[in-house]
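The C-terminal position of the sequence shown is numbered 421 in the working numbering, with every residue numbered one higher than the one before it. Below is one structure; the comments refer to it alone.
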Amino acid sequence: MPELLAKAALAIGMAAVMAKSTLSYYIKGPRCPKWPLWFQLHRDAIHRAIYTKPKGQPTDETIDQIDFDEIAASNRKWDLPESQLPADIGACQRLTIRVAEVEIDPATAFAGAGPAEPALAALTNEDMSVEGCEREIPAELVVPASLRPKLDDDPFACRPLSAGEKVILYLHGGAYKYGSAASHRALTGRIANHAAMRCVTIDYRLAPLHPYPAQLHDAFIAFWYLVKCGFDPQNIVVAGDSAGGNLSLALTVLLRYAGHGICGLLLLSPWSDLTTERPSLKRNAKYDFLCAPPLASPLNPARTFYAPGRRLSEEMLREMAHPLVSPVNADFAGFPPTLIQAGEKEIIVDEISQLHENIIAHNPEARKGRYVYECYADMIHVFHQFLSLPDAQYAIAKAGEFIKAL
């Protein structure tokens, strides 16, 4: 009964939001010039669904009362829905990565990982144990329609089908607590189709039940699994949106610590700084659907990802400023080719702009076009997911062109 009442309350509240938004649209005009009515309604509905009032937030004084198992169950219940991949865009098939097939030497693989080094080594040792050796990472392989006529072999075979074939490793977004390969396949399929490359998206472990660095560990295994399957590291494009953009950056930084390079990076609205609340957080709050409790709250997504249940301290903030957690602070000298796309009206656009500035500052002699930043007017966080938007279609096409040219 309580659950039924909660759903009824949400439905009533959502109806009120939609009515108010529609009236505002026709009386005052769109909130942003490039917003059609359906887009404004979607933005407002999503914002209503995820918004939490500041007064209802727990504090560090009550942190011991938080049931993170219950929060994880709620996250699964409200997870991002599965998206569809039209046949004229591509086809997909489930892929299973058996962790035991990827050999990792923690002493060399994670050197330089800072505070994460012991945890990454421990996760590797768990996978090598009798109980852990059967662990699998679910994934999905997308074969774009643009590539199928050129393939004579089984397109879903996880191995290079031609000499020097490039492949995309995609890491989905969702604040490290939502999302899956299935929720993002409509987006990954379109990127892959424009790039004419196959794409592997993994279902990495989610917080808060699996806090940092479990996600980085899974991404690291997935990368080396592709190498084991025959792909050259220099032919792997790493891509991701939002938290997946954070993870893409962190994976690239971790690989660089051990002297390994990749083909290039595609970052869509990347979450690159988990410790600093910049001006765009307030400036764009009325536009972006994205909203979150402040860093002072134990339910802030950065904290539930990094160390759920741990009280905030100067020591914790220093740890979270490490480049594997907040990649905006990384050494970008000699960084691989990177395309960053963001929306002008998203709440984290200031940190995304800072990320691009830092990359450029570390590479003053880089050729034009190696590091590209596209900020789309009136657009919000990962606007690419709103596939009917002209700007989303254009940005996805540009992303595919960038990857194809690598």
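Here a beta-carbon is modelled for each residue, glycine too, at the ideal position from N, C-alpha and C.
Through-space distance from residue j to residue i, alpha-carbon basis
i           : j           : result
residue 288 : residue 168 : 43 Å
residue 174 : residue 249 : 15 Å
residue 89  : residue 306 : 17 Å
residue 82  : residue 45  : 40 Å
residue 300 : residue 361 : 8 Å
residue 212 : residue 179 : 12 Å
residue 136 : residue 298 : 41 Å
residue 70  : residue 309 : 12 Å
residue 117 : residue 187 : 22 Å
residue 176 : residue 126 : 33 Å
residue 49  : residue 393 : 6 Å
residue 205 : residue 290 : 33 Å
residue 381 : residue 421 : 15 Å
residue 363 : residue 341 : 13 Å
residue 166 : residue 294 : 49 Å
residue 235 : residue 172 : 21 Å
residue 292 : residue 311 : 11 Å
residue 149 : residue 121 : 19 Å
residue 419 : residue 252 : 10 Å
residue 376 : residue 411 : 27 Å
residue 47  : residue 100 : 29 Å
residue 415 : residue 355 : 12 Å
residue 336 : residue 34  : 42 Å
residue 334 : residue 52  : 43 Å
residue 201 : residue 72  : 34 Å
residue 115 : residue 233 : 12 Å
residue 104 : residue 209 : 9 Å
residue 304 : residue 56  : 11 Å
residue 59  : residue 92  : 21 Å
residue 329 : residue 282 : 29 Å
Residue i, buried or exposed, once every other Cβ within 10 Å from all chains shown has been counted against 16
i           : result
residue 145 : exposed
residue 353 : buried
residue 217 : buried
residue 384 : exposed
residue 164 : exposed
residue 280 : buried
Cut-off 8 Å between Cβ atoms - residues of its own chain near residue i, not counting five sequence neighbours on either side
i           : result
residue 339 : 128, 129, 131, 228, 231, 265, 268, 269
Residue from the options whose Cα sits closest to the Cα of residue i
i           : options            : result
residue 278 : 349, 307, 193      : 349
residue 134 : 225, 346, 68       : 225
residue 96  : 111, 61, 296, 371  : 61
residue 64  : 80, 94, 75         : 94
residue 111 : 347, 244, 337      : 244
residue 274 : 124, 27, 40        : 124
residue 347 : 378, 281, 325, 164 : 378
residue 84  : 76, 324, 357       : 324
residue 98  : 199, 79, 329       : 199
residue 257 : 26, 183, 284, 329  : 284
residue 36  : 345, 302, 389      : 302
residue 106 : 147, 170, 43       : 170
residue 259 : 296, 219, 276, 386 : 219
7 Å Cβ shell around residue i - same chain, five flanking residues per side excluded
i           : result
residue 322 : 226, 331
residue 320 : 191, 222, 226, 227
residue 54  : 401, 404
residue 343 : 287, 288, 366, 369, 370, 373
residue 509 : Since the first residue of the chain shown is 16 and the last is 421, residue 509 is not available in this structure.
residue 3   : Only positions 16 to 421 of the chain appear in the structure, and residue 3 is not among them; the question remains open.
Nonlocal neighbours in the same chain, by C-beta distance under 6 Å from residue i, ignoring five residues either side
i           : result
residue 162 : 211
residue 185 : 203, 214, 216, 254
residue 14  : Since the first and last residues shown for the chain are 16 and 421, residue 14 lies out of range.
is_contact[residue i, chain C] using C-beta, thresh 9 Å
i          : result
residue 95 : Among the protein chains of the structure shown there is no chain C, as only one such chain exists.
- Message: With three or more beta-carbon pairs closer than 8 Å as the criterion, would you say the segment 155 to 163 touches the segment 134 to 142?
- Response: no
- Message: With a threshold of 8 Å, are at least 3 pairs of Cβ atoms found where one atom belongs to the segment 313 to 322 and the other to the segment 391 to 398?
- Response: no
- Check whether the segment 233 to 252 touches the segment 189 to 203, counting contact only when three or more Cβ pairs, one atom from each stretch, lie closer than 8 Å. no
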